[in-house]
Amino acid sequence: MTKAAQICVARIGAAHGVRGEVRLWPFTEDPMAVIDYGPLSTKDGVRQFEVVRARIAKDHLVAVLKGITTREDAERINGLELYISRDKLPETDEGEYYHADLIGLRALDPAGTAIGKVLAIHNFGAGDIIEIAPPQGPTLLLPFTDAVVPTVDLAGGHVVIVMPQEIEGDSPSDADI
């Protein structure tokens, strides 16, 4: 399996104050790791930004980026996503995966029959969700748990999906109450 060349590690948010600080939304396990990666670039590689310093705020960082010294400078870069080369990321532990490495993998059932491809990994607050795009029909959103995804084979280029027998939620009789 070919690893993605660029990995999005953060998104610049709104300006913070008048001296060029920005809100920075890191996508790394350790939010402060974005400082250690060196220069971060836009997806096209045209612009680079270096995080000079950062501090943790509620659910983001407040960061100083080299060359961004005014509120106006900060406002112009709002919304930019920042990337690093995949090879700058540390190796993962057993059972851990970078989302970017999972996207595009074939999704197979336990018998080896194709279900579709991994489209995305989401987390809406209650745990990771794997999104599978079947050849036809709507995408499948499934819990990314060991029970539903017992096998991730990066070298083989696939995941094994065990479709849940039941999805928790309202039963038809609940609607009549």
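In this text, residue positions in the sequence shown follow full-length UniProt numbering: the first is 1, and each later residue adds one.
Glycine is no exception: its CB is placed at the ideal position from the N, C-alpha and C atoms.
- Runs of the beta strand (DSSP E) lying entirely within the stretch 113-174 and spanning at least 3 residues, in chain order: 114-123, 128-133, 140-143, 151-153 and 158-160.
- At the C-beta level, I121 and I161 stay beyond 9 Å of one another.
- By the Cβ criterion, the stretch 57-67 is not in contact with the stretch 91-103, since fewer than three pairs of Cβ atoms, one from each stretch, lie closer than 8 Å.
- Taking the Cα of G112 as reference, the smallest distance to any Cα among C8, D59 and T151 is reached at T151.
- A residue is called buried once 16 or more other Cβ atoms fall within 10 Å of its Cβ, and P26 is buried on that count.
- Burial state of G127 is exposed, judged by a 10 Å Cβ sphere holding fewer than 16 other Cβ atoms.
- Excluding sequence positions up to five before and after D73, its CB lies within less than 6 Å of the CB of G20, all in the same chain and listed in chain order.
- The straight-line gap separating the alpha-carbon atoms of G156 and R86 is approximately 19 Å.
- By alpha-carbon distance to L40, the top candidate from T69, K88, L105 and V118 is K88.
- Here I77 has I12 as same chain residues with Cβ atoms under 6 Å from its own Cβ, once five neighbours each way along the sequence are excluded.
- Secondary structure of R71 (DSSP, three-state): helix.
- Its Cα nearest to that of L102, the residue L119 stands out among D109, L119 and P110.
- Going by DSSP, A100 is part of the alpha helix (DSSP H) stretching over H99 to L102.
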